[in-house]
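Beneath this line is the structure, given in structure tokens, with notes to follow.
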Amino acid sequence: MLISKMAAEGGGKEMNEIKTQFTTREGVYKLLTHSEYSRPNRVPFNSQGSNPVKVSFVNVNDQSGNGDRICFNVGRELYFYIYKGVRKAADLSKPIDKRIYKGTQPTCHDFNHLTATAESVSLLVGFSAGQVQLIDPIKKETSKLFNEERLIDKSRVTCVKWVPGSESLFLVSHASGNMYLYNVEHTCGTTAPHYQLLKQGENYSVHTCKSKSTRNPLLKWTVGEGALNEFAFSPDGKFLACVSQDGFLRVFNFDAVELHGTMKSYFGGLLCVCWSPDGKYIVAGGEDDLVTVWSFLDCRVIARGHGHKSWVSVVAFDHYTTSVEESDPMEFSGSDEDFQDQMIHFGRDRANSTQSRLSKRNSTDSRPVSVTYRFGSVGQDTQLCLWDLTEDILFPHLPLSRTRTHTNVMNATSPPAGATIITNTSSNATNGNNSGANTPGINSLSTTLPRSNSLPHSAGTTTTANSTNKAGSGGGISSGIMDSAIATGVSKFATLSLHDRKERHHEKDHKRNHSMGHISSKSSDKLNLLTKTKTDPAKTLGTLLCPRMEDVPLLEPLICKKIAHERLTVLIFLEDCLVTACQEGFICTWARPGKVGLLSSQNQASSPSGTVV
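Residue numbers (the working numbering): 14 to 626.
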């Protein structure tokens, strides 16, 4: 692998220069200056005191073949455009819809991909004063406003998402630490809701709404302490990962309303979370400047990544970049069966190629394969980092043990190769998914470890099994209360006039003495010193909830580039490009290698005023 070489590329010189391209093993990613989206005047937004810029995409299956649509918020404004990506230059003079709000600001938004058509889309928008609005930016309609009188929750909306597989259910989290399940066809009532306890566990509780007739919210979740900063549904929609200001990742079985597992940040709050495409791994980032990789099956940290110099604001897996490499059979001492079932569908074109190679892998005369997950992160340090999660992290082994096919160092009770792991998720094990799976064996190389973007420690091992990887609409709560299409047309209004309550800003100034940014990723002495001097109030440091730095592999970024003047708030991987956005309100498109297309000649021209290059 060429990861170490590429990680060192361009390091140490012109650190403050904003990059317009970067190179990985796939080739060169290039910034398309004419594919930049922003406010029509292209003037950098004064972001002091405003909420983060967020971006949402939807495809409306337009017959013209240009069905991608983009929504983004900048300050009090919300824009909806045709997204032309790598194909054509952006035309900012013709937004499909534009809204300016009074007394409150948009904080997040999400499209319903199930119901989207060329004539109509359902877009949820959360606000700083606590309301959630359902709009159709194609029809330019406002159909409903939820929590209008702020009787349900008065705090800022931190995240809003449609429940996977549902046309009517959506989930909303708040800075209060509460999360609410709504149905678009039900009202919120004219009085504050009364609740009845449904389920309670360690640092969480779930209540149902008590009323004579069904009303919103259907459920109220109280999770951890402090703000619930973000949540993400698993690819099959059955599990929910939440990250909170108390520094905890909590993963729930959404339908059964049960806690599956937890993880604690090294210190500070966790701000962002995402799932691997197959649902086997979760990556979280936050105020410890780290990205932390957590195994869903083993419920423990398997790696940390250090590359950012400030808070990590977004993490995301790249579904379209997958490395499946056939290796020389002489390099491995393990059996062919040890590498079965490593991955599932990762993308469209690349996925087909990957699947065919994995299918070939299962034949009797095929060679072992090496699987790499790609994910990215952006932060308040204005840097983009790309990471590769490689097999030496996923299936660790002792470098000196060249004849053994399986190692268990930390957990002597882990099943041997070929054993079956029964996960404690019986509520959905019968829903068409495997209740147990063969654990891939952990092979040892006959030579030294391959060079990668990781610094493996011999103390860390993991055993993995197939997770639930079949997409579905979910059962339990979802199927029980899911109703038909979204109700349209209630009172229509162009703006919100409610005054935004002054909230204490939780993003306090970043303290250098609380930062991992100044610590050499290869200096175990300094890491040990930090571990000893930093006291953890929850006394979780050194436990499975929060292993010490030296107890898990430390990843180095594949690339780490400064790409903006202001803190980065968006990272989205699309088939032909990746999309980033900064707090100045510029949404940038980076063409994947070989995908520059029609804009290649235009990129030679001078960039428009205000463009980040």
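Think of the CB as a built atom: it goes at the ideal place given N, C-alpha and C, for glycine as much as any other residue.
Legend entry - Glu404 - DSSP class collapsed to helix/strand/coil: Correct three-state label for Glu404: helix.
Legend entry - Touching by the beta-carbon criterion (3+ pairs, under 8 Å), the segment 164-174 and the segment 103-113: Too few Cβ pairs lie closer than 8 Å, so no.
Legend entry - Under 8 Å between C-beta atoms of Val256 and Ala297: yes
Legend entry - For Asp331, the three-state DSSP class (helix, strand or coil): strand
Legend entry - Rounded Cβ spacing between Phe70 and Tyr92 (contact assumed at less than 8 Å): Going by Cβ atoms, the distance from Phe70 to Tyr92 rounds to 13 Å, so no, they are not a contact pair.
Inset, instruction - Given a cut-off of 8 Å, decide if Ile151 and Glu132 are closer than it, judged by their beta-carbon atoms. - result: yes
Inset, instruction - Give the single residue among Leu557, Ala316, His578, Ala594 whose Cα lies nearest to the Cα of Pro570. - result: Ala316
Legend entry - Validate contact between the segment 278-294 and the segment 242-256 using beta carbons, cut 8 Å, 3 pairs: At 8 Å Cβ cutoff, the stretches touch.
Legend entry - Neighbour-count burial assignment, Asn424, 16 or more Cβ in a 10 Å radius: Only weak support exists for where Asn424 lies, its pLDDT of 34 falling under 50; the value from the coordinates is given anyway. It is exposed - the Cβ of Asn424 has fewer than 16 other Cβ atoms within 10 Å.
Legend entry - Alpha-carbon spacing of Trp324 relative to Ala240, whole angstroms: 16 Å
Legend entry - Nearest residue (CA-CA) to Pro606, options Phe35, Tyr208, Tyr42: Tyr42
Legend entry - For Gly78, the residue or residues it bridges with in DSSP: Per DSSP, Gly78 has no beta bridge partner at all.
Inset, instruction - Below 8 Å on the Cβ atoms is my guess for Arg387 versus Thr305; work out the distance and round it to an integer in Å. - result: Actually they do not touch by this definition, with Cβ atoms about 17 Å apart.
Inset, instruction - Work out the CA separation of Gln209 and Cys285 for me, nearest whole Å. - result: For Cys285 and Gln209, the distance between alpha carbons rounds to 30 Å.
Legend entry - Beta bridge counterpart(s) of Pro119 as assigned by DSSP: DSSP, once it has assigned bridges, lists Phe140 as partnering Pro119.
Inset, instruction - Round the Cβ separation of Thr130 and Val68 to the nearest angstrom and send it over; I've been treating them as touching at under 8 Å. - result: 21 Å between Cβ atoms; not a contact.
Inset, instruction - Measure how close the beta-carbons of Leu194 and Leu182 come, nearest whole angstrom, since I'm counting them as under 8 Å. - result: In this structure, Leu194 and Leu182 form a Cβ contact; the two beta carbons are roughly 7 Å apart against a cut-off of 8 Å.
Legend entry - Residue environment, Asn160, which counts as buried when at least 16 other CB atoms sit within 10 Å: buried
Inset, instruction - Report the residue from Glu39, Gly281, Thr203, Gly214 whose alpha carbon sits nearest the alpha carbon of Gly274. - result: Gly214
Inset, instruction - Look at the alpha carbon of Phe265 and the alpha carbon of Phe252, and state the distance between them as a whole number of angstroms. - result: Their backbone Cα atoms lie some 6 Å apart in a straight line.
Inset, instruction - Could you check what DSSP says for Glu154 in three-state terms: helix, strand or coil? - result: The answer is strand: DSSP assigns Glu154 an E or B state.
Legend entry - Bounding residues of the beta strand (DSSP E) (the contiguous stretch that carries Cys255): 252-257
Inset, instruction - Using three-state DSSP, classify Asp149 as helix, strand or coil. - result: It is a strand residue.
Legend entry - Own chain residues within Cβ distance below 6 Å of Asn29, not counting five before or after: none
Inset, instruction - Give a yes or no on whether the C-beta atoms belonging to Leu397 and Leu568 are separated by under 8 Å. - result: no
Inset, instruction - Identify, in the order they occur along the chain, each residue of the same chain with its Cβ nearer than 6 Å to the Cβ of Thr436, setting aside the five sequence neighbours on each side. - result: Here Thr436 scores only 36 on pLDDT, less than 50, and its place in the model is too uncertain to base an answer on.
Inset, instruction - Look at the Cβ atom of His121, then the Cβ atom of Val173, and state whether they are nearer than 8 Å. - result: This sequence places Cys at residue 121; His is not what is there. A contact, by the Cβ cut-off of 8 Å.
Legend entry - Same chain only: Cβ atoms within 6 Å of Asn229, ignoring 5 sequence neighbours per side: Cβ within range, chain order: Tyr195, His199, Cys201.
Inset, instruction - Let me know if Val640 comes out buried or exposed under the rule of 16 or more other beta-carbons within 10 Å of its beta-carbon. - result: Coverage of the chain is limited to positions 14 through 626, which leaves residue 640 absent and any answer about it impossible.
Inset, instruction - Just the C-alpha distance for Thr36 and Trp603, rounded to the nearest angstrom, thanks. - result: 12 Å
Inset, instruction - Measure the C-alpha to C-alpha separation of Lys107 and Tyr94 and round it to an integer number of angstroms. - result: 8 Å
Legend entry - Sequence-distant residues of the same chain with beta carbon closer than 6 Å to Asp259, five excluded per side: Gly237, Glu238, Gly239
Inset, instruction - Let me know the secondary structure DSSP gives Asp110 once reduced to three states. - result: strand
Inset, instruction - Specify, as a first and last residue, the run of the beta strand (DSSP E) that Ile31 falls within. - result: Neither: Ile31 is in no beta strand (DSSP E) and is coded neither H nor E.
Inset, instruction - Find the nearest neighbour of Lys277 within the set Lys552, Glu162, Leu184, judged by alpha-carbon distance. - result: Lys552
Legend entry - For Glu49, the three-state DSSP class (helix, strand or coil): strand
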